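For the sequence shown, the residue numbers in UniProt numbering are 1 to 324.
Glycine included, C-beta positions come from ideal geometry on N, C-alpha and C.
In this text the structure is predicted, and so the values were computed from the model without any measurement.
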Amino acid sequence: MFRRFPAPAIDTTHEENPLRPTRLTRASATAIAVTSLLLGTALSGSAAPSLPAVTAAVEPAAVVAANPYERGPAPTRASIEASRGSFVTATTTVSRTAARSFGGGTIYYPSTTTAGTFGAVAISPGYTASQSSISWLGPRLASQGFVVITIDTLSRYDQPSERGDQLNAALTYLTQSSSVRDRIDPTRLAVMGHSMGGGGTLQAAKDNPALQATIGMTPYNLDKTWPEVTTPSLIIGAQNDSVAPVSRHAVPFYNGLTNLSQKAYVELRGASHYAPNTSNTTIASTSISWLKRFVDDDLRYSQFLCPAPGTSTAVSDYRTPCGY
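This is how it looks when you write it as structure tokens:
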């Protein structure tokens, strides 16, 4: 049975996080006091006093700490489009028996044990498909610094809502039972899916608002309105999709995220419904940027999402309010 994750606790251990206000530390307060003293002295015309002890205490606070969730080198267009990122990866399988609440799967993860914990992503295939149809995303994303599980569903005929439940169940398994659970930060989780699996991503976010990101690839769902979803959501449509035409699925999903500014719609030029079933540079680079930005809070990747890059030989439409 689906277990809902608790909302993540606010991290108060870091002085800087781009999505949270900066705390006023003792060192910062001291710096403010010193600045005020020096300004007051200057305004009064007196010589500034010598404060060597205070200055020594203030100087370390002037060095801004990096985002603690950043993983990997500074990104470039070439690095997000590469077939592999900077991390060496390993895999392990999950049997259907062990999974219980989903149909089993494969876990891809960075093999390093010195880079801290990683965010995690669960990926569902589409209607009648198995995890092999989206397996190319496993090593692609893991090598960029994520723990990834591609899943089989309990039935190949499961509907989007059932796939959403199983995506959340897979994340629960990853963070609580898997052999790599100690490598995962359980507050930094995301879901992806293709077709009905893509439609299931919004269902997963509706049921589990603690998720940090969703990505629906050529998604299908009879439900087109998602006012309950507040998780940053990327919708990837295909211009020539005849199974889930963008005018009836992907675009209404994007427009239906009415209470969300952290959203984007990318349309693959000339692509079919099955574009996500083979390696695709646009899907990979946009997904990596989205996951890095919202799962890792890594502002270095914002440049690839906003402002909208516009259309190209690979992209026929791109929409985002740039609310991030």
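query, result
"Tell me the rounded alpha-carbon separation between Y108 and A78.", "22 Å"
"If you follow the alpha helix (DSSP H) that F253 is in, where does it begin and where does it stop?", "250-256"
"Applying the criterion that 16 or more other CB atoms from any shown protein chain within 10 Å of the CB defines a buried residue, is S124 buried or exposed?", "buried"
"Below 8 Å CB to CB, which residues in the same chain sit around R156 once its five sequence neighbours on both sides are set aside?", "Y127, T128, A129, S130"
"Using DSSP with H/G/I as helix, E/B as strand and the rest coil, what is F118?", "strand"
"So what's T13 in DSSP terms, helix, strand or just coil?", "Any reading at T13 must be qualified, since the residue scores a pLDDT of 38, below 50, and its modelled position is unreliable; the value itself is stated next. Three-state DSSP puts T13 in coil, outside helix and strand."
"Along the beta strand (DSSP E) that carries G237, what are the first and last residues, could you check?", "233-238"
"Can you find the residues in the same chain that come closer than 7 Å, C-beta to C-beta, to I184, ignoring five residues on each side of it along the sequence?", "T117, F118, A120, V147, L174, T175"
"Count the other C-beta atoms from every protein chain shown that fall within 10 angstroms of the C-beta of E81, then say buried if there are 16 or more, exposed otherwise.", "exposed"
"Measuring alpha carbon to alpha carbon, tell me which residue in D298, T231, N259 is nearest P209.", "T231"
"Quick check: what's the CA-CA separation for G145 versus V229?", "26 Å"
"What's the gap between the Cα of P75 and the Cα of W290?", "13 Å"
"Could you tell me how far apart the beta carbons of D207 and N168 are, in whole angstroms, since I believe they sit closer than 8 Å?", "7 Å"
"Alpha carbon to alpha carbon, how far is A170 from S101? Give it in angstroms, no decimals.", "8 Å"
"What does a CB cutoff of less than 6 Å around K292 pick up in its chain, not counting 5 residues either side in sequence?", "D298, Y301"
"Rounded to the nearest angstrom, what separates N240 and G270 at their Cα positions?", "6 Å"
"Find the nearest neighbour of N277 within the set S83, S86, W136, T153, judged by alpha-carbon distance.", "W136"
"For L211, which residues in the same chain have their Cβ closer than 7 Å to its Cβ, ignoring the five residues on either side in sequence?", "L189, A190, V191, A204, A205, T231"
"Just to confirm my understanding: we take T201, look at its own chain, exclude 5 residues before and 5 after, and list those with CB closer than 6 Å. What are they?", "V191, G193, T214, G216"
"What alpha helix (DSSP H) runs, 4 residues minimum, are completely inside the stretch 270-312?", "281-294"
"For I236 and A250, what's the separation of their Cα atoms in angstroms?", "7 Å"
"Beta-carbon within less than 7 Å of S279's beta-carbon, same chain only, minus the 5 sequence neighbours each way: which residues are those?", "W136"
"Relative to the C-alpha of R151, which candidate in T106, N255, T112, T281 has its C-alpha closest?", "The amino acid occupying residue 151 in the given sequence is Ile; Arg does not appear at that position. Here the closest residue by C-alpha is T106."
"Cutting at 6 Å between CB atoms, please list the residues of its own chain near L234, excluding the five before and the five after it.", "I215, A264, W290"
"At what residue ranges does the stretch 145-221 contain a whole run of the alpha helix (DSSP H), taking only runs of 4 or more?", "160-176, 196-207"
"Would you kindly report the start and end of the unbroken alpha helix (DSSP H) that includes T97?", "96-99"
"Check for me: the alpha helix (DSSP H) holding S79 runs from which residue to which?", "77-81"
"What do you get for T258, buried or exposed, if any count of 16 or more other CB atoms within 10 angstroms of its CB means buried?", "exposed"
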